[in-house]
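First the structure, in the form of structure tokens, and then the observations on it.
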Amino acid sequence: MRNHTTIRRRAFAAASVLVFTLTTAACGGAKATDDDDKPAAKPAESCVDVSGDTVKLGFVNSLTGAMAISEKTVSSVLGMAAEEINASGGIMGKKIEPVQEDGATDWPTFAEKTEKLLTDDCVAAVFGGWTSSSRKAMKPVVEKHNGLLFYPVQYEGLEASKNIYYTGATTNQQILPAMEFLKAEGVKTLFLAGSDYVFPRTANAIIKLYAAELGIEIVGEEYVPLDKDDWTTQVSKIVKAKPDFIFNTINGSSNVGFVKAYTDAGLKAETTPIISVSIAEEEAPNMGASVEGQYAAWNYFQSVESPANEKFIKDWVAYDGPSDVTSDPMEAAYISLYLYKAMVEKAGSFDVDKINEAADGVSFDAPEGKVVIDGENHHISKPGLIGKINADNQFDVVWSSDAPIEPDPFLKGYDWFPESTRDALVKAAG
Amino acid sequence: MDSLIAPFLNGTADGALLLIAALGLALTFGQMGVINMAHGEFLLAGAVCAFWTQQVVASTDVSILVALPVAFVVAGLLGLVLEATILQWMYDRPLDTLLATVGVSLALQQIFLQNYPSGVPVEKPSLLDGQIDVLGYAWPLRQVFTIVLAVACLAALGALLKYSSFGRRIRATVQNRALAETLGVATRSVDRMTFFIGSGLAGIGGVAASLIGGTNSQMGTRYIILAFLVVVAGGLGQLRGTVIAAWTVGVVTAYLADWTTGSLAQVITFVLVVVFLQVRPNGLFTVRTRGLA
Chain A
1 MRNHTTIRRR AFAAASVLVF TLTTAACGGA KATDDDDKPA AKPAESCVDV SGDTVKLGFV
61 NSLTGAMAIS EKTVSSVLGM AAEEINASGG IMGKKIEPVQ EDGATDWPTF AEKTEKLLTD
121 DCVAAVFGGW TSSSRKAMKP VVEKHNGLLF YPVQYEGLEA SKNIYYTGAT TNQQILPAME
181 FLKAEGVKTL FLAGSDYVFP RTANAIIKLY AAELGIEIVG EEYVPLDKDD WTTQVSKIVK
241 AKPDFIFNTI NGSSNVGFVK AYTDAGLKAE TTPIISVSIA EEEAPNMGAS VEGQYAAWNY
301 FQSVESPANE KFIKDWVAYD GPSDVTSDPM EAAYISLYLY KAMVEKAGSF DVDKINEAAD
361 GVSFDAPEGK VVIDGENHHI SKPGLIGKIN ADNQFDVVWS SDAPIEPDPF LKGYDWFPES
421 TRDALVKAAG
Chain B
1001 MDSLIAPFLN GTADGALLLI AALGLALTFG QMGVINMAHG EFLLAGAVCA FWTQQVVAST
1061 DVSILVALPV AFVVAGLLGL VLEATILQWM YDRPLDTLLA TVGVSLALQQ IFLQNYPSGV
1121 PVEKPSLLDG QIDVLGYAWP LRQVFTIVLA VACLAALGAL LKYSSFGRRI RATVQNRALA
1181 ETLGVATRSV DRMTFFIGSG LAGIGGVAAS LIGGTNSQMG TRYIILAFLV VVAGGLGQLR
1241 GTVIAAWTVG VVTAYLADWT TGSLAQVITF VLVVVFLQVR PNGLFTVRTR GLA
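In order, the protein sequences belong to chains A and B. Heads up, the first sequence stops at 430 in my numbering, and the numbers go up one at a time, no gaps. Heads up, the second sequence stops at 1293 in my numbering, and the numbers go up one at a time, no gaps.
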């Protein structure tokens, strides 16, 4: 005969153990590796071999896990750029031989795969990463081995490494233009909604300082963990605060929860519009509710008119990728490979130090317009654009910066940004 | 006024969804003593059913109604398969069911990742687009729908357990399997049916959850831990405690999120439940049985 009380008691003990394990596992997963952040005394000897007629390049993207939706496209477009470059003669006459690795939406995995690419596969450069956590995990690895990483996504700034090139926007190329747009729209009150991790927290710290400078009042600030979708409570606070605009720094599928809660609560683009920094052409049709009339700040839209963009879209549609739309991070990944080619050819070498010496001023006629590398901070100049989502889930450009904006990752050219805050934020971002 | 009423209503709706997820566990864990970690993935399966029906049925309003029975049956069948292939040999070893079903849970998540068009959520039915005014707070209809669904599930399950002969057989099997068997109850088929219903309820929870956010592989994991805590805190073996615990957790989290932040509210709720379990390890209500424990 069974003893049910014992079974239940055991079941309860088991459940407790399990809850503990799952929680620790979940927290552990989000942490970047604590590899030694200090630069190694002397970088390991490079094993890159370009004596043949090929050059190996590593791509690290999450092909599985929650980030796969975004990163698969980046991996695809990198593949397309490599094929294009190979078809037109390669880099300094050498054909690109891509080595793809799966970062699996797990930050320590990004670090391990990068290490493997640099030391086992001996690739000349690594391309990839999406979340800031993945970049922060790869940073000490590329620095230790004196490798090169090309990171294609907009991020929170306050970083520069001689071993990383950032081809997405930094704060002063995306978030500050968005604030200038809001000012021009006559916005008086702003609500900040973000996912609870480093990018939104840092971005909002900067937004609050700039808002004070511009005379925009922040009437609320809410965060929800990345892995939680339910925005109901936070949205009811937005309803109460009645802001002129919502600044959205939410990332990933949590955006869907936000947009659903927003429509659930009866909020509308006409009265309480949202400006986002992570909803692009691919995400807009997949929000679970209409986002027509909402805004986004980027540096590239599919709707941008340029001969380079026409070609880019045509090639992408013809290429066997996961979708037919183009977006900002895709474009930034696409141009990163071309910029690398231009840098290598200017340097006349695949050697990292020589490439770094030659980097300053290297340019490319990108789909977004001409971009130029800043040799000092390894970011690129970019035009700031604000788009409004139309019925086809494409973006109509409603505002743009007068000229490409020079990258200023540490916001040194803005006197409303105090030195002490910068130091505190850099420290907090680790 | 609406600063007090909004979290209450939001929290009640959150609690309702948690209750649907926990009801199934109350059956499979509370009654049968099986720790099914794949319960969350049955919920995910329900969300996938909501997506499928939306591909087939054009009207979002009709599709969500079709999705409910479909999700119940699909998740229920998944439960049956799990019971028949793995769990039936482990009724005496709850810790082993835990490990085995964690494996099943990971496998199901991977199957989902390989096959589901990533990032595509379930569209919101247009019927649920409105709000109703409650003391100045525009209460989203989506939340009302969730509560109605939870009450319906609870009433149906409660009636089934209490009034039907099948319910009597379940209770008899739970209280004393050997005696039930000698009285002619086919306990194996009772096990299977209980598991089918418990898992099916997770499917319905999945349909309701798919209206809140995106459909992704982590969806089930988000609810499973809290659902287990709710079942344990409510007290195993009966539904009353589960209802009260789910509702309390929902409302308390909502007020905490209103006063503090979403992240902090989650942490505090977990701590509160754990502290509560220190004080009352057997949960709110305990069932006294004549088992020779």
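Note that beta-carbon positions come from the ideal geometry of N, C-alpha and C, so glycine has one too.
Whether residue i touches residue j by CB criterion (8 Å)
i: Thr1242/B; j: Val1231/B; result: yes
i: Thr170/A; j: Met138/A; result: no
i: Met971/B; j: Leu1080/B; result: Residue 971/B is absent from the model: chain B starts at 1001 and stops at 1293.
i: Asn299/A; j: Lys382/A; result: yes
i: Ile238/A; j: Asn255/A; result: no
i: Cys1049/B; j: Val1070/B; result: yes
i: Ser1003/B; j: Lys240/A; result: yes
i: Glu112/A; j: Lys56/A; result: no
i: Val1034/B; j: Leu1087/B; result: yes
i: Leu1017/B; j: Ala1265/B; result: no
i: Leu1157/B; j: Leu1239/B; result: yes
i: Ser161/A; j: Glu143/A; result: yes
i: Val74/A; j: Met330/A; result: yes
i: Thr1194/B; j: Ile1170/B; result: yes
Beta-carbon neighbours of residue i, restricted to chain A and to distances below 9 Å
i: Leu1211/B; result: Lys260, Asp264, Gly288
i: Ser1217/B; result: Gly65, Ala66
i: Asp1129/B; result: Thr263, Asp264, Gly266, Ala289
i: Ala1233/B; result: What Ala1233/B touches in chain A: nothing, since even the nearest Cβ is about 11 Å away.
i: Glu1123/B; result: Gly288, Ala289
i: Arg1168/B; result: Going along chain A, no residue has its Cβ under 9 Å from Arg1168/B, so there is no contact; the nearest lies around 18 Å.
Exposed unless 16 or more other CB atoms sit within 10 angstroms - verdict on residue i
i: Gly413/A; result: exposed
i: Trp416/A; result: exposed
i: Arg1280/B; result: exposed
i: Asn1010/B; result: buried
i: Thr1260/B; result: exposed
i: Gly430/A; result: exposed
i: Ala1186/B; result: exposed
i: Asp396/A; result: exposed
i: Gln1055/B; result: exposed
i: Gln302/A; result: buried
i: Cys47/A; result: exposed
Interface residues of chain B facing residue i [CB-CB closer than 8 Å]
i: Glu222/A; result: Thr1261, Gly1262
i: Gly194/A; result: Result: empty, since nearest Cβ-Cβ is about 11 Å, beyond 8 Å.
i: Gly257/A; result: Ile1212, Gly1213, Gly1214
i: Ser134/A; result: Here the premise fails: no neighbours, minimum Cβ distance about 17 Å.
Chain-ordered chain A contacts of residue i [CB-CB under 7 Å]
i: Asn1010/B; result: Thr232, Thr233, Ser236
i: Arg1222/B; result: Asp227, Lys228
i: Gly1046/B; result: Within chain A, no residue comes near Gly1046/B; the closest Cβ sits about 15 Å away, beyond 7 Å.
i: Ser1118/B; result: Ala68, Ile69
Simplified DSSP state of residue i, which is helix, strand or coil
i: Phe258/A; result: helix
i: Glu222/A; result: strand
i: Leu1322/B; result: In the structure as shown, chain B starts at 1001 and stops at 1293, and residue 1322/B therefore has no counterpart that could be examined.
i: Asn1176/B; result: coil
i: Ser401/A; result: coil
i: Val55/A; result: strand
i: Thr171/A; result: helix
i: Glu213/A; result: helix
i: Trp1139/B; result: strand
i: Ala1186/B; result: coil
i: Ala296/A; result: strand
i: Gly1015/B; result: helix
i: Lys412/A; result: coil
i: Tyr165/A; result: strand
i: Phe1112/B; result: helix
i: Thr272/A; result: coil
i: Ile238/A; result: helix
i: Thr1286/B; result: coil
i: Lys306/A; result: Checking the displayed sequence, the identity of residue 306/A turns out to be Ser instead of Lys. Residue state, collapsed to three classes: coil.
Nearest-angstrom beta carbon gap, residue j and residue i [assumed within contact, 8 Å]
i: Ala193/A; j: Glu222/A; result: 5 Å
i: Asp365/A; j: Glu84/A; result: Wrong, their Cβ atoms sit about 14 Å apart, outside the cutoff.
i: Val77/A; j: Ala333/A; result: 5 Å
i: Phe191/A; j: Pro243/A; result: 4 Å
Within chain A, the residues that residue i reaches when beta carbons sit closer than 8 Å
i: Leu1113/B; result: Thr64, Gly65, Ala68
i: Gln1266/B; result: Pro225, Lys228
i: Ala1257/B; result: Thr233, Gln234
7 Å Cβ cut-off: residues of chain B touching residue i
i: Ser253/A; result: Gly1119, Gly1213, Gly1214, Asn1216
Heavy atom of the ligand MN within 7 Å of residue i beta-carbon
i: Tyr197/A; result: In the structure on display, the ligand MN does not appear, and there are no ligands present to speak of.
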